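*Asks:* Using UniProt numbering, the first residue of the sequence shown is number 14, and each one after it goes up by one. Right, I'll just put the structure down here and ask away after.
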Amino acid sequence: LKIGVIGLGYVGLPLALAFLKKGFKVYGIDISEVKVEMLNDGISYVQDVSSDDIKKYISNGQFKVSTNYSAISKLDAVSITVPTPLSKSKNPDLSYIKHAVENILKNLKQKPFLIVLESTTYPGTTREFIVEELTKKGMKAGEEIFVAFSPERVDPGNKHYSIENTPKILGGYSENCLKAASTLYQKIIEKIVKVDTLEEAEMAKLLENTFRAVNIALVNELTLMCDRMGINIWNVIKAASTKPYGFMPFYPGPGIGGHCIPLDPEYLLWKGKTVGFYNRFIELAADINANMPRFVVEKTIRILNNFGKPLNRAKILILGVTYKKDVSDLRESPAFDIIKLLNSYNAIVNYSDPFHSKLYFEGEMYSSVELKPENLELFDLAIMITNHSAFNLKEIAENSKAILDTRNAFDGINKENIFKL
Ligand code: SAJ
Numbered sequence: 014l015k016i017g018v019i020g021l022g023y024v025g026l027p028l029a030l031a032f033l034k035k036g037f038k039v040y041g042i043d044i045s046e047v048k049v050e051m052l053n054d055g056i057s058y059v060q061d062v063s064s065d066d067i068k069k070y071i072s073n074g075q076f077k078v079s080t081n082y083s084a085i086s087k088l089d090a091v092s093i094t095v096p097t098p099l100s101k102s103k104n105p106d107l108s109y110i111k112h113a114v115e116n117i118l119k120n121l122k123q124k125p126f127l128i129v130l131e132s133t134t135y136p137g138t139t140r141e142f143i144v145e146e147l148t149k150k151g152m153k154a155g156e157e158i159f160v161a162f163s164p165e166r167v168d169p170g171n172k173h174y175s176i177e178n179t180p181k182i183l184g185g186y187s188e189n190c191l192k193a194a195s196t197l198y199q200k201i202i203e204k205i206v207k208v209d210t211l212e213e214a215e216m217a218k219l220l221e222n223t224f225r226a227v228n229i230a231l232v233n234e235l236t237l238m239c240d241r242m243g244i245n246i247w248n249v250i251k252a253a254s255t256k257p258y259g260f261m262p263f264y265p266g267p268g269i270g271g272h273c274i275p276l277d278p279e280y281l282l283w284k285g286k287t288v289g290f291y292n293r294f295i296e297l298a299a300d301i302n303a304n305m306p307r308f309v310v311e312k313t314i315r316i317l318n319n320f321g322k323p324l325n326r327a328k329i330l331i332l333g334v335t336y337k338k339d340v341s342d343l344r345e346s347p348a349f350d351i352i353k354l355l356n357s358y359n360a361i362v363n364y365s366d367p368f369h370s371k372l373y374f375e376g377e378m379y380s381s382v383e384l385k386p387e388n389l390e391l392f393d394l395a396i397m398i399t400n401h402s403a404f405n406l407k408e409i410a411e412n413s414k415a416i417l418d419t420r421n422a423f424d425g426i427n428k429e430n431i432f433k434l
């Protein structure tokens, strides 16, 4: 079988590798000349895919990559793993899916042919953008062209869960579409989870990630309550976590970042607006999470005032700017909302992050501050935003005038100058 993977990013490349490892010939297609060139040179730009693997499959001819779609005519199946970003007004931008589908259909020759969409999107997309497109071109989905949706569950940097051992949901346009898709995917993935419709598969992905977003919002809201009531939310969560059934802990933070959790609920909110159903709960959760940077700055002002210092001209050190611990990804990181707010109060802001020695933000070039004692003591307040393992917490605690810890990173280091969220 010859397989195509369209979109060779953090989802597509590991998927291509999973097919290659099982002996498939794989044609990778990406719009980026740079990505194609790097892969042809045997270089991987994705954290969980080694360059040695790329080199091996490129040189033995099993893996071919290109920016053009001509190879489609020789393929039996294609997986679409292109981005589905949100526009500034939070409308889903499906132009990448549209572009991929148009080019697949233009080059489609041999049948039967299977198309599996993996990109995260609102329920109804596969039907609207693939099935209906086939019909317009006089091709019947479910007969010689099979159509399915399968949400990606790639977790970059996760050492335990790979594509092969993470259960994969599959929804087909029809019974034989589901059969075609599961026949292929079970060759590379240990556990296939079949659902009855395309929309069930699309919605399952949104449930998985919206579940996280709303539960994070819940503990963030409790954090604001506990702040007013003088209760330690971290101890509350620790205690609640001892419940051996029916509970799982989430933790407050400075806001939510990354390219999944802040975005995925927005597909439902957008669909709600267009179809006209209520999703006030999801909307409120998004607002609560988006408000956390403001709460962090409010807390900063209170702490500085304790020392008789205004935020104006105060020297603030942001510890960690990426969206989560031990990850270099900056996308949607709440650190930038916090820096923006602090700047609006005319604070003097610097940062330190082991993954980024330089940052260009709002027309300013920042350099990561080296966390040696003589630097730490220059700042009025250090705010722990992303608790990278590389941080020497003892040294930071010893040499900082005051710390606002939004991640309970300093748990167990009891110093009166450390304030928790
Ligand atoms: N966050 C909190 N409190 C929490 C958990 C997370 O504030 O209790 C924040 C993080 O700091 C981050 C954001 O939320 O800014 C998202 O964190 P995340 O742990 O959900 O990590 P992501 O964005 O890498 O989510 C991905 C998702 N994987 C896929 O979509 C395939 C998610 O479904 C996974 O559950 C998650 O990884 C994971 O568990 O690592």
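Don't be surprised by glycine CBs; every beta carbon is placed ideally from N, CA and C. All of these numbers come straight from a predicted model, not from anything done at the bench.
According to DSSP, is Ser341 part of a helix, a strand, or is it coil?
*Replies:* The answer is coil: DSSP assigns Ser341 none of H, G, I, E or B.
*Asks:* Give me the DSSP bridge partner(s) of Met397.
*Replies:* DSSP, once it has assigned bridges, lists Leu332, Asp418 as partnering Met397.
*Asks:* Given this structure, state the Cα-to-Cα distance separating Gln123 from Thr97, to the nearest angstrom.
*Replies:* The alpha-carbon atoms of Gln123 and Thr97 are separated by roughly 28 Å.
*Asks:* Return the residue from the list Tyr82, Leu389, Thr133, Lys337 that minimises the CA-CA distance to Ile42.
*Replies:* Of Tyr82, Leu389, Thr133, Lys337, the residue nearest in Cα terms is Tyr82.
*Asks:* Could you tell me which uninterrupted alpha helix (DSSP H) segments, each at least 4 residues in length, are contained entirely in the region 33-77, listed from first to last along the chain?
*Replies:* Listed in chain order, the complete alpha helix (DSSP H) runs (minimum 4 residues) inside the region 33-77 are 46-53, 64-72.
*Asks:* Using the Cβ count rule (16 or more neighbours within 10 Å means buried), how would you classify Val174?
*Replies:* Val is not the amino acid found at residue 174; the sequence shown has Tyr there. Answer is exposed; the Cβ neighbour count stays below 16.
*Asks:* Taking only three categories from DSSP, how would you classify Tyr82?
*Replies:* It is coil, neither helix nor strand.
*Asks:* Less than 8 Å between the CB atoms is what I'm expecting for Val249 and Cys239, so what's the real figure, rounded?
*Replies:* Between Cys239 and Val249 the Cβ distance is about 7 Å, and since that is below 8 Å, they are a contact.
*Asks:* Judging by CA-CA distance, which residue of Phe224, Asn178, Thr196 is the nearest neighbour of Gly184?
*Replies:* Closest option to Gly184, Cα to Cα, is Thr196.
*Asks:* Could you tell me the alpha carbon to alpha carbon distance between Thr210 and Leu21, rounded to whole angstroms?
*Replies:* Cα to Cα, Thr210 sits roughly 27 Å from Leu21.
*Asks:* Given 7 Å as the limit, tell me if Arg140 has its C-beta closer than that to any heavy atom belonging to the ligand SAJ.
*Replies:* Incorrect: Arg140 has no Cβ contact closer than 7 Å to the ligand SAJ.
*Asks:* For the region 382-394 against the region 299-310, are there 3 or more C-beta pairs whose distance is under 8 Å?
*Replies:* In short, these stretches do not touch, since the Cβ pair count stays below three.
*Asks:* Just how far apart, CA to CA, sit Thr287 and Tyr135?
*Replies:* Computed Cα separation, rounded: 11 Å.
*Asks:* Please classify Arg344 as buried or exposed, where buried requires at least 16 other C-beta atoms within 10 Å of its C-beta.
*Replies:* Arg344 should be labelled exposed.
*Asks:* If we ignore side chains and look at the alpha-carbon of each, how far apart do Lys200 and Phe32 end up?
*Replies:* If I take the Cα positions, the gap works out to 8 Å.
*Asks:* Ignoring anything shorter than 3 residues, give me the beta strand (DSSP E) runs that lie fully in the region 192-278, in order along the chain.
*Replies:* Fully enclosed beta strand (DSSP E) runs of 3 or longer: 205-208.
*Asks:* Is Cys273 a contact residue of the ligand SAJ, with contact defined as CB to any heavy atom under 7 Å?
*Replies:* Correct: Cys273 has its Cβ closer than 7 Å to the ligand SAJ.
*Asks:* What is the C-beta distance between Ser392 and Lys328, in whole angstroms, given that I count them as a contact (C-beta under 8 Å)?
*Replies:* Sequence check: residue 392 is Phe here, not Ser. Yes, Phe392 and Lys328 are in contact; Cβ-Cβ is about 5 Å, under 8 Å.
*Asks:* Can you confirm whether the region 305-324 touches the region 154-167 when touching is taken to mean that 3 or more C-beta pairs between the two stretches lie within less than 8 Å?
*Replies:* Judged by Cβ distances under 8 Å, the region 154-167 makes no contact with the region 305-324, as fewer than three pairs qualify.
*Asks:* Kindly examine the ligand SAJ and report whether one of its heavy atoms sits closer than 7 Å to the Cβ of Asn171.
*Replies:* Correct: Asn171 has its Cβ closer than 7 Å to the ligand SAJ.
*Asks:* With H, G and I counted as helix, E and B as strand and the rest as coil, what does DSSP make of Leu90?
*Replies:* Reading off the sequence, residue 90 comes out as Ala, not Leu. Of the three classes helix, strand and coil, the one that applies to Ala90 here is strand, per DSSP.
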